[in-house]
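Numbering (this note's numbering), first residue to last: 1073 to 1514.
Put into structure tokens, the structure is as follows:
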């Protein structure tokens, strides 16, 4: 008689039914994690999947399940999921969730687009109904709790014709005009009094800058000839030539497969475009086979509202990443080295981490899940705990032998005592970066 090798389920915790708060939403997330786990382990047999579901859910869920009426569906697994869904879903405390929703106020650092995203995430637990009903609730909450009195009046003028899409367009136009007005109004004349007294100043420089009383203007000249001479160094996202990075991973740490986190519908298209962009740039790749590591993503709208920031939650994966010790210079150390310099240039590396290619065996730990499937990074990424030290060490090796240059992460500072020496050092640095395949921001 042949034996069946059951998959290791240590990466999935039993479902906790002791806390009734948000029980319905937590059950949906747990079930999604289990389905992803089963798919990753290649479990397709219906009876085995049924047994695995009840085993990983835990004894408390089993005690409940065997008292429930049979659920709808064709196989044992579908009937079990249907029965448990019917049991846990009604236990969602909708009045409590709606109370939390109604108390949500726009924060001072939050754009309307970011506020809408936060409201939509909470609305998923409130049982408001279909998408139109959710949009109406979000619209009303913005009118009631937005910070701008002017925006509130504008929205109320629309009356019954106001939709959430109208709210977005009106708010974005007002936020853009407000930023432009502040930029224009900030340029004015200032009455100045020079005090020659020996007493201590009432305002320090830092305080004056924070209050907007003092604005420092630096003399900056743009070295256009460098861009003209080395245009390939200022185009696209480069890749360090003849180098692949090995991420130090502890093999004794048990891999973890985490569930997908729901992305609000209004951000899904932007997430899809971001994934396509990273694929086109050869920064990420599709994962078409089971992966031992899977991390969720967090999608954060940028303040402009036109783009997003894709972040992979690497907290679980980082438990297996070994710490690497490479010193990163402090500002004080750099100032000491540049004490005699008078001419400076600062170069910014384009998408710095993404210009460092990973070895194939180091890519699996970067695997992440989205509504479009599994992907993994082919380049170094933000979120890996040892990435700053690794990148600092790589760039120091790249720039080794160049005079008058220091780097802190992706910021490269070229300095010299006079313009001639500075220009010579700057051209040498850009030439070295070009030869190594590294590109800079324009």
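In this text, a Cβ means the ideal position worked out from N, Cα and C, and glycines have one as well.
The structure displayed is predicted, hence computed values, not measured ones.
Proximal residues to residue i (C-beta, below 6 Å), its chain only, five neighbours per side dropped
| i | result |
| --- | --- |
| residue 1400 | 1464 |
| residue 1353 | 1309 |
| residue 1066 | Summary: the structure shown does not reach residue 1066, with the chain confined to residues 1073 through 1514, and so no result is reported for it. |
| residue 1416 | 1487 |
| residue 1383 | 1370 |
Residue of the options minimising C-alpha distance to residue i
| i | options | result |
| --- | --- | --- |
| residue 1222 | 1250, 1204, 1316 and 1213 | 1250 |
| residue 1343 | 1358, 1360, 1315 and 1381 | 1381 |
| residue 1425 | 1314, 1201, 1462 and 1109 | 1462 |
| residue 1026 | 1244, 1085 and 1140 | There is simply no residue 1026 to check, as the chain begins at 1073 and stops at 1514 in what is shown. |
| residue 1324 | 1394, 1485 and 1300 | 1394 |
| residue 1090 | 1109, 1131 and 1113 | 1131 |
| residue 1440 | 1117, 1191 and 1363 | 1363 |
| residue 1336 | 1195, 1471 and 1218 | 1195 |
| residue 1446 | 1365, 1407, 1403 and 1458 | 1365 |
| residue 1398 | 1370, 1368, 1406 and 1458 | 1458 |
| residue 1143 | 1157, 1209, 1467 and 1436 | 1157 |
| residue 1155 | 1137, 1170, 1115 and 1298 | 1137 |
| residue 1320 | 1418, 1279 and 1434 | 1434 |
| residue 1493 | 1460, 1414, 1431 and 1427 | 1414 |
| residue 1485 | 1403, 1220 and 1349 | 1403 |
Cβ separation of residue i and residue j, assumed to be a contact under 8 Å, to the nearest whole Å
| i | j | result |
| --- | --- | --- |
| residue 1104 | residue 1386 | Residue 1104 to residue 1386, Cβ: 20 Å. No contact. |
| residue 1347 | residue 1444 | 6 Å |
| residue 1390 | residue 1456 | 7 Å |
| residue 1317 | residue 1429 | 7 Å |
| residue 1139 | residue 1084 | Actually they are not in contact, since the Cβ atoms of residue 1139 and residue 1084 sit about 23 Å apart, beyond 8 Å. |
| residue 1152 | residue 1124 | So it is not a contact: roughly 11 Å between Cβ atoms. |
| residue 1406 | residue 1478 | 5 Å |
| residue 1312 | residue 1508 | 6 Å |
| residue 1482 | residue 1420 | 6 Å |
Own chain partners of residue i with C-beta closer than 8 Å, once the 5 adjacent residues on each side are dropped
| i | result |
| --- | --- |
| residue 1076 | Residue placement at residue 1076 is flagged as unreliable, the pLDDT there being 48, under the threshold of 50; a coordinate-derived value is accordingly withheld. |
| residue 1412 | 1489 |
| residue 1475 | 1497 and 1500 |
| residue 1235 | 1207 and 1211 |
Residues bridged to residue i [DSSP beta-bridge criterion]
| i | result |
| --- | --- |
| residue 1382 | 1371 |
| residue 1317 | 1430 |
| residue 1449 | 1356 |
| residue 1216 | In the DSSP output, where bridge partners are listed per residue, residue 1216 has none listed. |
| residue 1486 | 1417 and 1477 |
| residue 1442 | 1445 |
| residue 1223 | According to DSSP, residue 1223 bridges with nothing at all. |
| residue 1140 | Per DSSP, none; premise fails for residue 1140. |
| residue 1512 | 1421 |
| residue 1393 | 1321 |
| residue 1329 | 1366 |
Chain-order list of residues whose beta-carbon lies under 7 Å from that of residue i (same chain, five-residue window excluded)
| i | result |
| --- | --- |
| residue 1166 | 1198 and 1199 |
| residue 1307 | 1511 |
| residue 1118 | 1147, 1148 and 1149 |
| residue 1436 | 1363, 1364, 1365 and 1448 |
| residue 1013 | One cannot answer for residue 1013 here, as it falls past the ends of the chain, which runs 1073 to 1514. |
| residue 1101 | 1331 |
| residue 1392 | 1321, 1322, 1325 and 1437 |
| residue 1193 | 1336 |
| residue 1467 | 1479 |
Residue i: CB within 7 Å of a non-hydrogen atom of the ligand ATP
| i | result |
| --- | --- |
| residue 1376 | Absent from the structure shown: the ligand ATP. Ligands present: none. |
* To do: Please confirm if the region 1235–1251 is in contact with the region 1201–1214, defined as three or more CB-CB distances below 8 Å between the two stretches.
  => yes
* Contact the region 1311–1330 vs the region 1175–1187: 3+ CB pairs below 8 Å -> no
* Asked: Three or more beta-carbon pairs under 8 Å between the region 1353–1371 and the region 1439–1453, yes or no?
  -> yes
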